[in-house]
Structures are given as C-alpha cells and as structure tokens.
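**Q** Have a look at this one before I ask anything.
Chains as they are written, first to last, in this note's numbering: chain A, -12 to 249; chain B, 38 to 306.
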C-alpha cells in the first residue's frame, strides 16, 4: 500500500504508545525548546543517548526509524556544509583558496546537525507512537483552554483529523486516475520537467475536482448525522492523565536540565 | 487481433503482510470480433484481470500474448491504443475544459494531425449520441452524459479490442440500452469487446462467451447457455424461469426476447 514516510503511525504496543497523547505532545514541545538551550557537545551526546533509549522503548525497528529520518538528511547535510564553510570562529584547520575551515565552524556544524536530527527524531517518535486520532484529540484538549480567547480548537483538530484521514484516499484516487489516463496514452514518466508537469494536468484536474466532491459529500454526511461543531460533543475515547504520564514529563525535564548544565 | 492470457497470477502488495492474491492462474483468450462477458462477485478479480489485458497491471507470474507476441516486449502506448480500456466510473478521469478536448486527448497522444483528431472526436461522440455536447464543459454534464463522453474518449483511439469495466453501473435504463447497442454495433464492425458486469441480464443480452470468475480463478467459461445452465441459481431470471419450465419444450434461452418467443410457441401449441 502507501509507502511509509516521515510521521507515519507505527502500530505496535509499547510504553511510549501507551502514554497519554497530551503528555507526549508536551514532552516533545519541552524537549524541542530544551534542545535550543543546550550548546555543549557533552549535553548533545547525553540527549542522543536519551533519544536512542526512547527509540528502543518504542519497539519501532531501528531500520524503520532510520527510514523516517531519511528525508531530512539532505537538509542536514546542506546546513552543516554552509555552517562549516562560512563560520570564521576558532583556530583555522584548513585553508585552500577562498575556503577556510575553522574549528568553531566544525563544532557548530556538528551541534546543528545533531539538533536538527534530534528534533526530527522526537517529532517522528511522537507521530510514530501516537495514532492520528489520538494526536488530534490531544491537540484539541491542549488548545481547549484557548477556546476562551475564541480560538476554534475543536474545528482546528477536526480539520487535522480529516486531512490525515484523506491522505490514503487521495493516494488511491490518484493511482486510479493515473491508470485511466495511461490507458488513454498519457505518460507520467517520460520527457523533461516541462513535459512532465504538463502531463500532470490530466491527473491534477480530476483529483482536485474529486477532492471537492468528497469534501461536499463528507460535509453533508456529517450534518445529516447531527454534527454541529464541538459544543456538547462527547468522546468515544476519553483521555486520562495517569501517573506514568506525569512521570514521563518529569523525566524529560530532569534530563533536559542535566543536558543544559552539562 | 487475438489476446491471450496464460496462467496469469497477480498479487497486490507482494512481499508485505498486506499481500492479496487477486488472480490465481487465469488462462483466457479473447477471440477476434467476439463479445466476451466477464461476471463474478465483488473481489473475484474481474477488474484485476482486465487491467492485465493492456498492461496497466503486470502479471506477478504468467504471460499476456497479443497476436502471439509477449506483451512485455511490445511498445506500451501502441498496445494501449490497440486495446482500449474503459475503467469503472471513467467519468472521474475527465479533465479538459471542453468535451471535444477531453475526447481528443487520446488521439492527440497518438500524434495524429489536427483534422484527423477532430474527425475521430466527432465520430466517437456521434457513436455515443453526444455530438451536441462537444463544446460543453465535461463537468457540467449529467452522470449519463459524462459516462458517454468518457467512453468516447477511449473509443476515439479506435482500439481493436475494447474493454469495458462495469460500463452501465449506476446508469438509467435508456443509457444502459444505448451502451449495449453500441457494444453490438462495435462487435459487428469487427472490434472485440470484453464486458465486465454485475448485471447477468445485460451480459446475456450481448455476450458470445461468458467467463465467470470466483476468488481469482475462472469458475466457468463458455457460451451463455453452457455457463448459465450449469449454475441456474446464479443466472439471469430468464434462465431460472426456463429451468423451472425445463420439462416443456422451451429449450435453453438466455435472452428475454428468446424466452418470449419460446413461451409464445409453447402457448400456441
């Protein structure tokens, strides 16, 4: 079916899968902020160890997890490249024409790479261990305090749920339309950039039309079943904050404090 | 043109836990100029089967032969021009601003001249009785009109074999009848037709041979008489009535008109 990509839910049973989504979202947020406060190599090595331990507890096979990281490798490489090349801090290690590599640049590049990889890793862990519906429920709950400021928390969460739900549907639809157009002689693989993007028109137009039709149908189906927004709606799955969730939050904070002090 | 499938198997998502065996060794030939009906329940492999006929799907094992040549070695766009495939709900792939341009997409891809394209578009729209819609937007048409236009889009490539996957699903009886008479007209002009359908009555009306699918295998293959009278419980109403009247001289009709004629002679005697 659809290929696994960044942020796809990986359904196994583990300690991380069992945590309350709200606790996980908060942990990831705190962790992300914390990563920007750490600036020593020792601190980052500690964080790398912690994230490694988390990956192990998540019971996601390492190969699958590394595949989640693959799309960001290019971005990391690019940032490190520029960091190393244009930073003029510390002792000069290498001078070749206009290229100068400094110790400070290498260090900064290394820290930056780790920072990005760790950020993506924890975010990836969150989405890989949390079902999309649980994730949006968690977000809705965390944002619900903003409802007083007229922030449409429920609508926001519902939009996210629907968007996630329709990814596989649209993917399947795209395959069907591609097959139908191939039968009429369309070719999506040959030719240069311009020819290829022109070849996408017979795919994108029906796909968009179909998406609007589906949106209409879904809206009607929801209304005919009495949906009228978030007020007064109860949930099938109630979120419960357990002791272990509080513990997870506490651990994250302690570990971060250690990392910042290291 | 003859089209032959030899021991074709197809597995979706092979090598993953989600693997589904959709075809389990299907051997079938489509003879030149015949109307072959393919029937079977949902999930029996009908659509998977026909998508092998013009190489939209590749067999996991087995081979597809076009006039005796392995389809894997043939030019795919040429193959798809000669073997036209109309998918289920083909109207969902309409995309151009006007009906004329949409139907012209296939012939244009064949690198025909402008006049030849226009000629083909006019011809195939006329065959489907919608030439008056040429300048309209395909999105503004009714369901039946959209279906006709989508079928015209494949017909405009003048295929030697035309595969129709559930062409009448969700259509009104008039459009349904029009499509069935189109099938007859085309087959009389020498085009082979493969008609996939849930509707046994309509298959009985037009098919020369019937292939009944079950769980990815061919369960029965032969003339409508052979296939339907073998399993009358799963056959058009005509066959069921005739089976009840078996001891009379009604014979083995599969078409409604034949039954009426047989009953009439029965009553006259």
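Note that beta-carbon positions come from the ideal geometry of N, C-alpha and C, so glycine has one too.
#1: Can you check whether the C-beta of residue 193 of chain A is within less than 7 Å of a C-beta belonging to chain B?
#2: Here's the rule: buried if 16 or more other CB atoms are within 10 angstroms of the residue's CB, otherwise exposed. What is residue 304 of chain B?
#3: Please give me, in chain order, every unbroken run of the beta strand (DSSP E) with length at least 3 that falls completely inside the region 34 to 87 of chain A.
#4: Please state the DSSP three-state secondary structure of residue 56 of chain B.
#5: Would you please state the rounded distance, in angstroms, between the beta carbons of residue 172 of chain A and residue 117 of chain B? I believe it to be under 8 Å.
#6: Could you say which of B/222, B/208, B/40, B/224 lies nearest to residue 234 of chain B if we only look at CA atoms?
#7: By the 10 Å Cβ neighbour count, where 16 or more other Cβ atoms means buried, how is residue 246 of chain B classified, buried or exposed?
#8: If contacts are defined as beta-carbon pairs under 8 Å, then residue 8 of chain A and residue 117 of chain A qualify, I think. What distance do you get, rounded to the angstrom?
#9: What residue range does the beta strand (DSSP E) around residue 201 of chain B cover?
#10: By a C-beta neighbour count over all protein chains shown, 10 Å radius and 16 as the cutoff for buried, is residue 40 of chain B buried or exposed?
#11: What residue ranges within the region 161 to 195 of chain A form continuous beta strand (DSSP E) runs of no fewer than 3 residues, ordered along the chain?
#12: What residues in its chain sit with their C-beta under 6 Å from that of residue 101 of chain A, if we drop five residues either side in the sequence?
#13: Can you pull the chain B neighbours of residue 196 of chain A, defined as C-beta to C-beta under 7 Å?
#14: Nearest chain B C-beta to residue 233 of chain A closer than 7 Å, yes or no?
#15: I'd like to know whether the C-beta of residue 93 of chain B is nearer than 7 Å to at least one C-beta of chain A.
#16: What residues in the region 165 to 186 of chain A bring their beta carbon closer than 8 Å to a beta carbon of chain B?
#17: From residue 242 of chain B to residue 275 of chain B, what distance separates their C-alpha atoms?
#18: Among B/206, B/177, B/221, B/145, which residue has its Cα nearest to the Cα of residue 164 of chain B?
#19: Within 8 Å, do at least three Cβ pairs link the region 120 to 137 of chain A to the region 35 to 51 of chain A?
#20: Pull out every residue of the region 34 to 55 of chain A whose Cβ sits closer than 7 Å to any Cβ of chain B, in chain order.
#21: In terms of residues, what are the limits of the beta strand (DSSP E) holding residue 262 of chain B?
#22: Can you give me the start and stop residues for the alpha helix (DSSP H) that residue 240 of chain A sits inside?
#23: Give the secondary structure of residue 25 of chain A by DSSP, where H, G and I count as helix, E and B as strand, and everything else as coil.
#24: I need the straight-line Cα distance from residue 213 of chain A to residue 222 of chain A, nearest angstrom please.
#25: Evaluate residue 83 of chain A with the Cβ neighbour count: other Cβ atoms within 10 Å of its Cβ, from every protein chain shown; 16 or more gives buried, anything less gives exposed.
#26: How is the alpha helix (DSSP H) around residue 186 of chain B delimited, first residue to last?
#27: Find the nearest neighbour of residue 187 of chain B within the set B/135, B/229, B/236, judged by alpha-carbon distance.
#28: Give me the chain A residues within the contact set of residue 147 of chain B, using Cβ-Cβ distance strictly less than 9 Å, ordered along the chain.
#29: For residue 70 of chain A, which residues from the same chain have a beta carbon less than 7 Å from its beta carbon, with the 5 sequence-adjacent residues on both sides left out?
#30: In whole angstroms, what separates the C-alpha of residue 74 of chain A from that of residue 88 of chain A?
#31: In whole angstroms, give me the CA-to-CA distance for residue -7 of chain A and residue 48 of chain B.
#32: Does any residue of chain A bring its CB to less than 7 Å from the CB of residue 59 of chain B?
#33: Going along chain A in order, which residues have a C-beta closer than 7 Å to the C-beta of residue 131 of chain B?
#34: Going by DSSP, what residues sit across from residue 41 of chain B in a beta bridge?
#35: Against chain B, does residue -12 of chain A count as a neighbour if the rule is that its beta carbon must be under 7 Å from one of theirs?
#36: Taking 7 Å as the cut-off, decide whether the C-beta atoms of residue 72 of chain B and residue 244 of chain B are in contact.
**A** Let's see:
#1: Taking Cβ atoms only, chain B reaches closer than 7 Å to residue 193 of chain A, which makes this a yes.
#2: Exposed, by the Cβ-count rule.
#3: Segments of the beta strand (DSSP E) lying fully in the region 34 to 87 of chain A: 79 to 83.
#4: Note: residue 56 of chain B maps to coil in three-state DSSP.
#5: The pair is a contact, with the Cβ atoms about 6 Å apart (cut-off 8 Å).
#6: For the set B/222, B/208, B/40, B/224, the Cα lying nearest the Cα of residue 234 of chain B is the one of B/208.
#7: Note on residue 246 of chain B: 16 or more other CB atoms within 10 angstroms of its CB, so buried under the neighbour-count rule.
#8: So it is a contact: roughly 5 Å between Cβ atoms.
#9: It spans 198 to 202 - the beta strand (DSSP E) in which residue 201 of chain B sits, taken as one unbroken run.
#10: So residue 40 of chain B ends up on the buried side.
#11: Scanning the region 161 to 195 of chain A from its first residue to its last, no whole beta strand (DSSP E) run of 3-plus residues comes out.
#12: So the list reads 31, once near-sequence residues are dropped.
#13: 176, listed in chain order.
#14: For residue 233 of chain A, no Cβ of chain B is located within less than 7 Å of the residue's own Cβ.
#15: Yes - at least one Cβ of chain A is within 7 Å of the one on residue 93 of chain B.
#16: For the region 165 to 186 of chain A, which is checked against every Cβ of chain B, the residues closer than 8 Å are 166, 167, 168, 169, 170, 171, 172, 173, 174.
#17: If you take the alpha carbons of residue 242 of chain B and residue 275 of chain B, they lie about 11 Å apart.
#18: Among B/206, B/177, B/221, B/145, the Cα nearest to that of residue 164 of chain B belongs to B/221.
#19: The region 35 to 51 of chain A, when compared against the region 120 to 137 of chain A, does not touch it at the 8 Å Cβ threshold.
#20: Within the region 34 to 55 of chain A, no residue has a Cβ that lies closer than 7 Å to any Cβ of chain B.
#21: Counting along the chain, residue 262 of chain B falls outside any beta strand (DSSP E), though it belongs to the alpha helix (DSSP H) covering 261 to 267.
#22: Start and end: 230 to 248.
#23: The three-state secondary structure of residue 25 of chain A, taken from DSSP, is coil.
#24: Rounded to the nearest whole angstrom, the C-alpha separation of residue 213 of chain A and residue 222 of chain A is 15 Å.
#25: By the 10 Å Cβ count, residue 83 of chain A comes out exposed.
#26: Per DSSP, residue 186 of chain B belongs to the alpha helix (DSSP H) from 180 to 192.
#27: Of the candidates B/135, B/229, B/236, B/135 places its Cα closest to the Cα of residue 187 of chain B.
#28: The contacting residues are 172.
#29: Residues of the same chain with a CB within less than 7 Å of the CB of residue 70 of chain A, apart from the 5 flanking positions on each side, are 92, 95, 96, 99 in chain order.
#30: So the two alpha carbons sit approximately 8 Å from each other.
#31: Its pLDDT being 46, under 50, residue -7 of chain A is placed unreliably by the model, and the measurement read from it follows with that caveat. So the two alpha carbons sit approximately 27 Å from each other.
#32: Closer than 7 Å: no.
#33: By Cβ distance, chain A contributes 193.
#34: Paired residue(s): B/66, B/102.
#35: Caution is warranted here: a pLDDT of 36 is assigned to residue -12 of chain A, below 50, making its placement in the model unreliable, and no coordinate value can be reported.
#36: For residue 72 of chain B and residue 244 of chain B, yes; Cβs fall inside 7 Å.
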